[in-house]
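For what it's worth, numbering that gives the first Met the number 0 labels the leading residue of the sequence shown as 0, then goes sequentially.
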Amino acid sequence: MDYIVVGGGIAGLTAACELAGAGGARVTVYEQSRKLGGRGGTETRDGFSLNHGPHALYRNGIAHRTFTEWKVRVAGRVPRLKGDAYAVLGGGLFAFPADPVRLLTSGLFRGLEKWSAARAFQWLMGDTPKASATVSDWLDEKFGVRERPSRARLFLEALFRVSTYSNALDTMSARAALQQVRFATKNGVLYLDGGWQMIVAGLADRAASLGVRVETGAAVERVESGRVRVAGRDVVCDGVVLAVTPDAVESLTGVRMAGLAPGLTQIRAACLDLAMKSLPRQAAVFALGMDTPFYFSRHSATARLAPEGAHLVHVAKYLRTGERAQREELERFADLAMPAWRQHSTFARYLPELAVTHAVVTPAGRPGVDALNLPGVTMAGDWVGAEGMLVDGAVASARAAARKIMSAPAQERKFAAA
Ligand SMILES: Cc1cc2nc3c(=O)[nH]c(=O)nc-3n(C[C@H](O)[C@H](O)[C@H](O)COP(=O)(O)OP(=O)(O)OC[C@H]3O[C@@H](n4cnc5c(N)ncnc54)[C@H](O)[C@@H]3O)c2cc1C
Numbered sequence: 000m001d002y003i004v005v006g007g008g009i010a011g012l013t014a015a016c017e018l019a020g021a022g023g024a025r026v027t028v029y030e031q032s033r034k035l036g037g038r039g040g041t042e043t044r045d046g047f048s049l050n051h052g053p054h055a056l057y058r059n060g061i062a063h064r065t066f067t068e069w070k071v072r073v074a075g076r077v078p079r080l081k082g083d084a085y086a087v088l089g090g091g092l093f094a095f096p097a098d099p100v101r102l103l104t105s106g107l108f109r110g111l112e113k114w115s116a117a118r119a120f121q122w123l124m125g126d127t128p129k130a131s132a133t134v135s136d137w138l139d140e141k142f143g144v145r146e147r148p149s150r151a152r153l154f155l156e157a158l159f160r161v162s163t164y165s166n167a168l169d170t171m172s173a174r175a176a177l178q179q180v181r182f183a184t185k186n187g188v189l190y191l192d193g194g195w196q197m198i199v200a201g202l203a204d205r206a207a208s209l210g211v212r213v214e215t216g217a218a219v220e221r222v223e224s225g226r227v228r229v230a231g232r233d234v235v236c237d238g239v240v241l242a243v244t245p246d247a248v249e250s251l252t253g254v255r256m257a258g259l260a261p262g263l264t265q266i267r268a269a270c271l272d273l274a275m276k277s278l279p280r281q282a283a284v285f286a287l288g289m290d291t292p293f294y295f296s297r298h299s300a301t302a303r304l305a306p307e308g309a310h311l312v313h314v315a316k317y318l319r320t321g322e323r324a325q326r327e328e329l330e331r332f333a334d335l336a337m338p339a340w341r342q343h344s345t346f347a348r349y350l351p352e353l354a355v356t357h358a359v360v361t362p363a364g365r366p367g368v369d370a371l372n373l374p375g376v377t378m379a380g381d382w383v384g385a386e387g388m389l390v391d392g393a394v395a396s397a398r399a400a401a402r403k404i405m406s407a408p409a410q411e412r413k414f415a416a417a
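Structure, rendered in structure tokens:
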């Protein structure tokens with residue numbers, strides 16, 4: 000069997016390992032850029048390891064399970080929210096209510112609000128929303144619709160944003176979002192030493208050990224059942240996994256995405272990465288906006304991402320659909336969490352618009368791996384399939400897309416020879 004994977008990001012590399020791991024197949028990955036990894040890559044600059052914005056690996060997710068099963072090294076540590084973690088409300092900093100005790104002692108909640116916040120936290124951990132509910136529907140049901148949302152509601156909204164990387168609360172499935180918050184709070188996340196390049200390198204090593212051929216700088220131009228056009232030549236194969244964006248799938252196959260999955264909503268974030276030679280006296284480790292969609296985290300406090308004695312801070316704004324961020328907004332949030340940071344900074348990198356994921360999970364779900372209805376062609380990515388968000392969605396769909404291709408009846412696979 001000859002299989003082709005288009006795209007050398009984490010989904011593509013995972014699909015290649017799954018295909019080659021079954022044995023007996025020749026697998027080729029085509030990646031258009033010179034480097035593997037896509038959005039999972041890491042840039043190294045002056046000894047700092049910069050992911051494409053802040054990245055955390057959910058320890059309960061299928062990605063972590065798969066990497067462990069495949070012995071892909073994911074060395075890092077779990078961030079702990081202690082005294083220097085803050086909730087930001089009305090421009091003020093409050094102790095971050097990271098657990099039930101701090102929820103009661105934090106100045107974020109006053110009087111009866113403490114009780115209301117504790118009850119909200121219980122809903123978060125135990126409730127099962129209706130399958131048709133969005134996060135906003137669920138919050139309206141729990142808190143009632145009010146002109147001024149309570150602090151408990153703002154707190155939950157912030158937890159949804161930070162766990163899902165998304166500010167699309169009015170379209171995101173409440174069930175999927177609650178599961179993601181539970182992932183984040185129950186078993187925590189890992190920040191990886193040296194960044195996510197470790198995952199990419201580990202998957203690439205595994206793929207190589209299974210005999211996968213990887214061509215970088217090889218843009219695929221056209222995909223049909225049993226045939227791929229790459230760098231001006233036609234390559235015949237028994238199956239293709241498309242591990243690229245929805246737009247790329249559309250232009251490669253000619254199949255309109257709108258027909259398959261109405262309303263794919265891309266989730267974007269603006270990111271400001273601050274490489275710091277030293278820290279100002281007052282520097283938070285973590286700060287999360289309650290009434291504004293901002294995030295601040297010093298990842299180097301947990302993982303090795305900066306040279307000895309230096310620090311790496313990520314600031315992000317979770318964008319709404321169609322929204323654009325201004326760099327100054329992110330800088331102002333950094334001013335709150337780490338006043339006088341400019342005097343201590345080595346360099347700052349601003350990325351105004353990153354695609355965190357190509358489809359938020361709505362109550363209607365995401366397109367399936369075989370939604371194209373092209374024999375022998377499946378799709379993978381963080382916008383495909385029913386399981387997982389972010390990289391968990393990418394890995395879950397990649398494994399499913401590969402298995403689907405391998406289980407296709409022989410007559411379907413042999414369309415190329417016909
Ligand atoms: C700011 C930010 C923060 C994030 N934080 C987290 C997090 O904390 N936790 C988490 O789990 N996930 C996070 N993610 C998401 C995670 O990075 C992605 O889910 C994951 O990297 C997606 O991998 P992928 O392979 O599906 O897609 P991509 O990485 O986009 O890979 C697609 C690849 O296909 C290639 N390609 C496209 N067209 C062609 C073509 N025609 N021919 C050949 N190659 C082609 C591209 O060059 C690219 O390399 C974050 C993402 C961003 C941007």
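For glycine and all other residues, C-beta sits at the position ideal for the given N, C-alpha and C. Since the model is a prediction, treat every value here as computed from it, not as a measurement.
For W195, the CB contacts under 6 Å within the same chain, skipping 5 residues up- and downstream, are G39, T41, N50, H54 in chain order. Residue range 344-356 is occupied by the beta strand (DSSP E) that includes T356. Contact between V368 and I3 does not hold, since the beta-carbon distance rounds to 15 Å and is not under 8 Å. For L158, the Cβ stays outside the 7 Å cut-off from all heavy atoms of ligand 1.
The beta strand (DSSP E) runs lying completely inside the region 232-290 and spanning 3 residues or more are 232-235, 238-241, 266-275, 285-288, given in chain order.
Look at the region 49-89 and you find these whole runs of beta strand (DSSP E), each 3 residues long or longer: 84-88.
CA-to-CA, the gap between G238 and E330 works out to about 48 Å. Relative to ligand 1, H310 has its C-beta separated by 7 Å or more from all heavy atoms. The beta carbon of G106 lies closer than 8 Å to those of F93, A94 in the same chain, with the five residues before and after it left out. DSSP places R297 in the uninterrupted beta strand (DSSP E) bounded by 293-297. Residue state for F108 is assigned as coil, using DSSP reduced to three classes. Closer than 7 Å to some heavy atom of ligand 1: that describes the Cβ of L251. With a contact defined as Cβ atoms closer than 8 Å, A286 and V87 qualify at about 5 Å. Under the three-state reduction of DSSP output, M197 falls in the helix class. Apart from sequence neighbours up to five positions away, the residues of its chain that approach A119 with a beta-carbon distance below 6 Å are A151, L155, ordered along the chain. In this structure, ligand 1 has no non-hydrogen atom nearer than 7 Å to the beta-carbon of E223. Residue pairing by DSSP puts K316 in a beta bridge opposite A269, F293. For G91, the enclosing beta strand (DSSP E) has its first and last residue at 91-94.
For E223, the enclosing beta strand (DSSP E) has its first and last residue at 219-223. The beta carbon of P306 sits closer than 6 Å to the beta carbons of G46 from its chain, once the five residues preceding and following it are set aside; these are given in chain order. Of all C-beta pairs linking the region 220-232 to the region 244-254, three or more are shorter than 8 Å, placing the two stretches in contact. For R341, there is no enclosing alpha helix (DSSP H), as DSSP marks it with neither H nor E. Not one heavy atom of ligand 1 sits closer than 7 Å to the Cβ of I61.
M405: member of the alpha helix (DSSP H) spanning 389-406, first to last residue.
Nearest C-alpha to A217 among R228, A207, S208: R228. For D139, the enclosing alpha helix (DSSP H) stretches over residues 134-142. Under the 8 Å Cβ criterion, the region 277-295 counts as touching the region 325-340, having at least three qualifying pairs. Residue nearest to F293 within the set R33, T43, L153 is L153 (criterion: CA-CA distance). Each residue's CA atom was taken as its position, placing V394 and T301 some 25 Å apart. With fewer than 16 other Cβ atoms inside 10 Å of its own Cβ, Q121 counts as exposed.
One alpha carbon belongs to K129, the other to L158, and they sit about 20 Å apart. Our two residues, V390 and T291, have alpha carbons roughly 25 Å apart in a direct line.
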